[in-house]
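Below: one structure, written as structure tokens.
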Amino acid sequence: MYGRKKIDRKVLTSHNEVYVKQKLQSALERGWEQISDIQYKNGIYGVCLQFDIAKNSRKNQIKKEVRA
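Using the working numbering, read the sequence shown as starting at 7 and increasing by one per residue.
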């Protein structure tokens with residue numbers, strides 16, 4: 007494989023702040039790192055997350071959990 011990603015990033019967004027906080031907490035438990043504060047703009051709350059694939063070999067399992 008050429009150019010394999012070492013860090014996976016995503017942005018978690020919702021209109022509901024409580025939902026974002028709950029999803030953030032569950033993502034942190036699964037090995038994601040929070041790389042920004044929860045921000046509010048135009049009625050939407052958002053937070054940036056990153057996942058270091060090199061540190062955690064359970065990447066495929068976590069992808070399945072995120073989709074579920």
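The C-beta atom is built at its ideal place from N, Cα and C for all residues, glycine as well. Bear in mind the structure is a predicted one, so any value in this text is a computation, not a measurement.
query, result
"Beta-carbon contacts of residue 16 that lie in its chain and below 7 Å, excluding the five residues immediately before and after", "55"
"Cβ shell of residue 44 (< 8 Å), same chain only, five flanking positions each side left out", "23, 26, 27, 30, 51, 52, 53"
"6 Å Cβ shell around residue 13 - same chain, five flanking residues per side excluded", "56, 58"
"Rounded straight-line distance, which links the Cα of residue 41 to that of residue 11", "18 Å"
"Length of the line joining the Cα atoms of residue 48 and residue 60", "35 Å"
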